[in-house]
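2 protein chains.
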Amino acid sequence: MLEIADARAEVLRHCKPLRTEHAALTTAALGQVLAADILADIDSPPFAKSLRDGYAVRAADCAGNCAVLQVIEEVAAGAVPTKPVGAGQATRIFTGAPLPDGADAVVMQEHATADAGAVRVIDSGVKPGQWVYARGHEMRTGDVVLSAGTPINAAAFGVLASAGKTAVVAYPFPRVGVVVTGNELVEANTRPKAGQIRNSNGPMLCAQTVRGGGLPRYLGIARDDFAITKSLLGEALDVSDVVLVAGGVSVGDHDLVPEVLKALGVTVHFRTVRVKPGKPLLFGTGPKGQLVFGLPGNPASAFVGFELFARPAIRILGGHAEPGPRTISLPLAAPLAEANDRPTYRPAQLVQGATGWTVQPLDWTGAPDLVGMQPADALLVLPAGDARADTGTLAEVVLL
Amino acid sequence: MLEIADARAEVLRHCKPLRTEHAALTTAALGQVLAADILADIDSPPFAKSLRDGYAVRAADCAGNCAVLQVIEEVAAGAVPTKPVGAGQATRIFTGAPLPDGADAVVMQEHATADAGAVRVIDSGVKPGQWVYARGHEMRTGDVVLSAGTPINAAAFGVLASAGKTAVVAYPFPRVGVVVTGNELVEANTRPKAGQIRNSNGPMLCAQTVRGGGLPRYLGIARDDFAITKSLLGEALDVSDVVLVAGGVSVGDHDLVPEVLKALGVTVHFRTVRVKPGKPLLFGTGPKGQLVFGLPGNPASAFVGFELFARPAIRILGGHAEPGPRTISLPLAAPLAEANDRPTYRPAQLVQGATGWTVQPLDWTGAPDLVGMQPADALLVLPAGDARADTGTLAEVVLL
Numbered sequence: 001m002l003e004i005a006d007a008r009a010e011v012l013r014h015c016k017p018l019r020t021e022h023a024a025l026t027t028a029a030l031g032q033v034l035a036a037d038i039l040a041d042i043d044s045p046p047f048a049k050s051l052r053d054g055y056a057v058r059a060a061d062c063a064g065n066c067a068v069l070q071v072i073e074e075v076a077a078g079a080v081p082t083k084p085v086g087a088g089q090a091t092r093i094f095t096g097a098p099l100p101d102g103a104d105a106v107v108m109q110e111h112a113t114a115d116a117g118a119v120r121v122i123d124s125g126v127k128p129g130q131w132v133y134a135r136g137h138e139m140r141t142g143d144v145v146l147s148a149g150t151p152i153n154a155a156a157f158g159v160l161a162s163a164g165k166t167a168v169v170a171y172p173f174p175r176v177g178v179v180v181t182g183n184e185l186v187e188a189n190t191r192p193k194a195g196q197i198r199n200s201n202g203p204m205l206c207a208q209t210v211r212g213g214g215l216p217r218y219l220g221i222a223r224d225d226f227a228i229t230k231s232l233l234g235e236a237l238d239v240s241d242v243v244l245v246a247g248g249v250s251v252g253d254h255d256l257v258p259e260v261l262k263a264l265g266v267t268v269h270f271r272t273v274r275v276k277p278g279k280p281l282l283f284g285t286g287p288k289g290q291l292v293f294g295l296p297g298n299p300a301s302a303f304v305g306f307e308l309f310a311r312p313a314i315r316i317l318g319g320h321a322e323p324g325p326r327t328i329s330l331p332l333a334a335p336l337a338e339a340n341d342r343p344t345y346r347p348a349q350l351v352q353g354a355t356g357w358t359v360q361p362l363d364w365t366g367a368p369d370l371v372g373m374q375p376a377d378a379l380l381v382l383p384a385g386d387a388r389a390d391t392g393t394l395a396e397v398v399l400l
Numbered sequence: 401m402l403e404i405a406d407a408r409a410e411v412l413r414h415c416k417p418l419r420t421e422h423a424a425l426t427t428a429a430l431g432q433v434l435a436a437d438i439l440a441d442i443d444s445p446p447f448a449k450s451l452r453d454g455y456a457v458r459a460a461d462c463a464g465n466c467a468v469l470q471v472i473e474e475v476a477a478g479a480v481p482t483k484p485v486g487a488g489q490a491t492r493i494f495t496g497a498p499l500p501d502g503a504d505a506v507v508m509q510e511h512a513t514a515d516a517g518a519v520r521v522i523d524s525g526v527k528p529g530q531w532v533y534a535r536g537h538e539m540r541t542g543d544v545v546l547s548a549g550t551p552i553n554a555a556a557f558g559v560l561a562s563a564g565k566t567a568v569v570a571y572p573f574p575r576v577g578v579v580v581t582g583n584e585l586v587e588a589n590t591r592p593k594a595g596q597i598r599n600s601n602g603p604m605l606c607a608q609t610v611r612g613g614g615l616p617r618y619l620g621i622a623r624d625d626f627a628i629t630k631s632l633l634g635e636a637l638d639v640s641d642v643v644l645v646a647g648g649v650s651v652g653d654h655d656l657v658p659e660v661l662k663a664l665g666v667t668v669h670f671r672t673v674r675v676k677p678g679k680p681l682l683f684g685t686g687p688k689g690q691l692v693f694g695l696p697g698n699p700a701s702a703f704v705g706f707e708l709f710a711r712p713a714i715r716i717l718g719g720h721a722e723p724g725p726r727t728i729s730l731p732l733a734a735p736l737a738e739a740n741d742r743p744t745y746r747p748a749q750l751v752q753g754a755t756g757w758t759v760q761p762l763d764w765t766g767a768p769d770l771v772g773m774q775p776a777d778a779l780l781v782l783p784a785g786d787a788r789a790d791t792g793t794l795a796e797v798v799l800l
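The listed protein sequences correspond, in order, to chains A and B.
If you're matching positions, the first sequence starts at 1 in this note's numbering and goes up one per residue.
If you're matching positions, the second sequence starts at 401 in this note's numbering and goes up one per residue.
What follows is the structure, encoded as structure tokens:
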């Protein structure tokens, strides 16, 4: 039985980023990771640009207060100046328009009064560069504006558009096949008969996969039959970078998954981790390097197993530098009174207090209790043994 | 010019949740908010269920050590017991299988040795209820398992499946129309000619919309022409719950948006907010209650304006109770030396330090600098005036 840290290290040892591909820059690419540096193909802005509506001037002409300048033309955004600004001259200019040659500053229109072809500048001390966004100030041709390894966030969409990109080379979202096992399972649209329960792990793991940056593919329920389970897991291995299989990974007579995986050429690296909920937790690698996670059948255990082991793997396959999860130390919002035989991840909620966030343990009855897990936006990390602690004690928290 | 808090209050005063609709429980519904309580249609588990592979027994039979019991049948998960367990009897049972009548506990197979139709229990002190998940322990028929107002997270998918739901009544994701204005703009696939720049706000605002829980619809670039702008904004109002229009909202001669909005029947509630970046920031409501946000043309200003004003509105329309954004107080990872004439939201990054998170201000040259804003996963909130502060000073942070 491995410790959590050792199990994570073993998983990560087998993770490497997927082969890159071209991704069109629709919002579907949000969260993909760039696989190549993005270079600016032009200066941005491509010209010295006015940051205000007003007048383009030579700063030296406006050293004193109340300079009066001759207005020689008007340039709106999108237009091009045709006349250089000479001594004693100004060009009426609008936000986003190119600065005319000769001008080196912009006076806001609020600081100027126009009158019959002339303008009186009432801005005292106009400085060169004032309200001008210099050519190439944000990026110069050839600059690396986004590095390989950058996740494409919303602001990156803007930067990529500025750099002229409509597609990029990126790591794909890993394809994640989801299989659940058990003769007792029926799907949500079915009323369970005697001895049956509804399959909650399938929908939950697909949703966790989306949140974790993977593309889920649900393959259905494998009955506790070697041939059926082999067929379904074989199909999952064919179409996936990562296979999640919930249930059937323990050591019982009906826990077929380890034998089936062996028959499919999967090398099993470990089968149990000292973690609660979720001790039976299998990790293997397939013939094409696919990662296989055998998660416990209890839904809260499957949930935690995914977050601690599968999600970090999906992140690395998807090109992220950090596997996560991110943890933070927060004071307890309520006392804790429990003891666990294993390191435990239990559901909790962040609470905005007067002096910052605190963490509130949620009522929860253990591994089969998904209703108690559902409101969690955090997992409280408790060491094995006596985990009693008073309100205010700092506790380690995984953000979901 | 409104203060930020007053502007937010004015926006929120006009926000109410959208009309609810049925949503199929595919992963596309992740993040939608339930509009009605979800009741359990059956007990869960629907029967007392074994939590281990082992033997179903009467605890009273195993009060001492080394009880020997007659094994009367075997029940796998998905099967149904046919014989009650009497005194001195046991049923071979597997995880997930129903507990037979008469039995009140399960002995793990690791604590039992089987031999020719009998089993010797070597578990000392078997307690009633041991390794049994009682019928209805997680949910009872008629229980509210998820309340109206709950965002559908990954664990909720599991709970909904347990409750037999394949569709729910939920608030739809708000439809967000995105228009950008300016004669100087060309799309990313075009090389700017003299006086032109590429449109970065369109792709960025669409991506922010997705992250904020809205469905973006990009309508294109409106040239600085009354009829064209009116046509495009009219179309946006027709198909949207929220309209974002970037640029053209200042007071310049070419800033047509306020006039066009008036002609389209939009009531403008405010036009400027004392915030940096992003002072020109318009908010209005259309004839059908559509919300209209006129954002500055500078991309970092548009970014911040969206996060502070449009995103909270999208959340409320989508049925969330809290508009956000969530803030947290964190120590500065580096000294700050700046002064601002307005309350300022500047890009920053969370840094995992030895004793918890700190916040690192990023290099940033101001409103037009989206490259400097891009790596931010947080905005540092600075008051107007002198914002000098030493490393370690607590600062207010908006998480992106």
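Quick reminder that beta carbons are idealized off the backbone N, C-alpha and C, glycines included.
The model shown is predicted, which means the values in this text are computed figures rather than measured ones.
- In the structure shown, A:Leu244 falls within a strand segment according to DSSP collapsed to helix, strand and coil.
- For B:Met539, a Cβ of chain A is located within less than 7 Å of the residue's own Cβ.
- Cβ neighbours of A:Arg346 within its own chain (closer than 7 Å, five residues either side excluded): Pro361, Trp364, Leu379, Leu380, Leu382.
- With its beta carbon at least 7 Å from every one in chain A, B:Pro696 lies outside the interface.
- A Cβ-Cβ distance of about 11 Å is found for the pair B:Leu632 and B:Val578, leaving them out of contact under the 8 Å criterion.
- Unbroken alpha helix (DSSP H) stretches of 4 residues or longer found wholly inside the stretch 593–655 of chain B: 601–611, 626–639, given in chain order.
- A distance below 7 Å separates the beta carbons of A:Val268 and A:Gly284.
- By the C-beta density criterion, B:Asn589 is exposed, having fewer than 16 other C-beta atoms within 10 angstroms.
- Cα atoms of A:Ser200 and A:Asp255: separation of roughly 19 Å, rounded to the nearest angstrom.
- For A:Ile4, the enclosing alpha helix (DSSP H) begins and ends at 4–13.
- DSSP places B:Leu736 outside any alpha helix (DSSP H), giving it a letter other than H or E.
- By the rule that beta-carbons nearer than 7 Å mark a contact, B:Asn740 does not touch chain A.
- In this structure, B:Thr491 lies near B:Ala456, with their beta-carbon atoms less than 7 Å apart.
- Annotation for A:Val257: the continuous alpha helix (DSSP H) segment containing it runs 257–263.
- Contacts between B:Gln690 and chain A, judged by CB atoms closer than 7 Å, are missing: the closest CB pair is about 21 Å apart.
- The secondary-structure analysis by DSSP pairs A:Ser44 across a beta bridge with A:Met139.
- When DSSP assignments are scanned along the stretch 687–769 of chain B, the uninterrupted stretches of alpha helix (DSSP H) that are 4 or more residues long and fall wholly within it turn out to be 699–705, 711–717.
- Taking the Cα of A:Gly319 as reference, the smallest distance to any Cα among A:Lys16, A:Met1, A:Ala9 is reached at A:Lys16.
- For A:Cys66, the closest Cβ of chain B is not nearer than 7 Å.
- Of all residues in the stretch 658–683 of chain B, none is placed with a Cβ closer than 8 Å to any Cβ belonging to chain A.
- When the beta-carbon positions are compared, A:Val126 and A:Ala105 come within less than 7 Å of each other.
- In this structure the stretch 24–42 of chain A touches the stretch 168–188 of chain A; the number of beta carbon pairs closer than 8 Å is three or more.
- B:Leu799 and B:Leu750 have their C-alpha atoms spaced approximately 9 Å apart.
- Cβ contact annotation for B:Glu587 (same chain, cutoff 6 Å, sequence separation greater than five): Asn599, in chain order.
- The CB of A:Leu232 never comes closer than 8 Å to any CB in chain B; the least such distance is about 16 Å.
- Judged by DSSP in its simplified three-state form, A:Val80 adopts coil rather than helix or strand.
- Among the residues of chain B, none has a CB under 7 Å from the CB of A:Met1; the nearest is roughly 13 Å distant.
- Of all residues in the stretch 586–606 of chain B, those with a C-beta nearer than 9 Å to a C-beta of chain A are Glu587, Ala588, Asn589, Thr590, Arg591, Pro592, Lys593, Ala594, Gly595, Gln596, Ile597, Arg598, Asn599, Ser600, Asn601, Gly602, Pro603, Met604, Leu605, Cys606, reading in chain order.
- The stretch 313–330 of chain A and the stretch 26–35 of chain A touch, with no fewer than 3 CB-CB distances between them shorter than 8 Å.
- A Cβ of chain A is located within less than 7 Å of the beta carbon of B:Thr566.
- Rounded to the nearest whole angstrom, the CA to CA distance from A:Lys276 to A:Gly392 is 24 Å.
- Annotation for A:Gly158: the continuous alpha helix (DSSP H) segment containing it runs 154–162.
- Fewer than three beta-carbon pairs drawn from the stretch 148–156 of chain A and the stretch 120–140 of chain A are found closer than 8 Å, and the two stretches are therefore not classed as touching.
- A straight line joining the alpha-carbon of A:Val239 with that of A:Gly289 spans about 12 Å.
- The distance from the Cβ of A:Ala313 to that of A:Asn340 is about 25 Å, inconsistent with a contact at the 8 Å cut-off.
- Here the C-alpha atom of B:Val580 lies approximately 37 Å from the C-alpha atom of B:Phe557.
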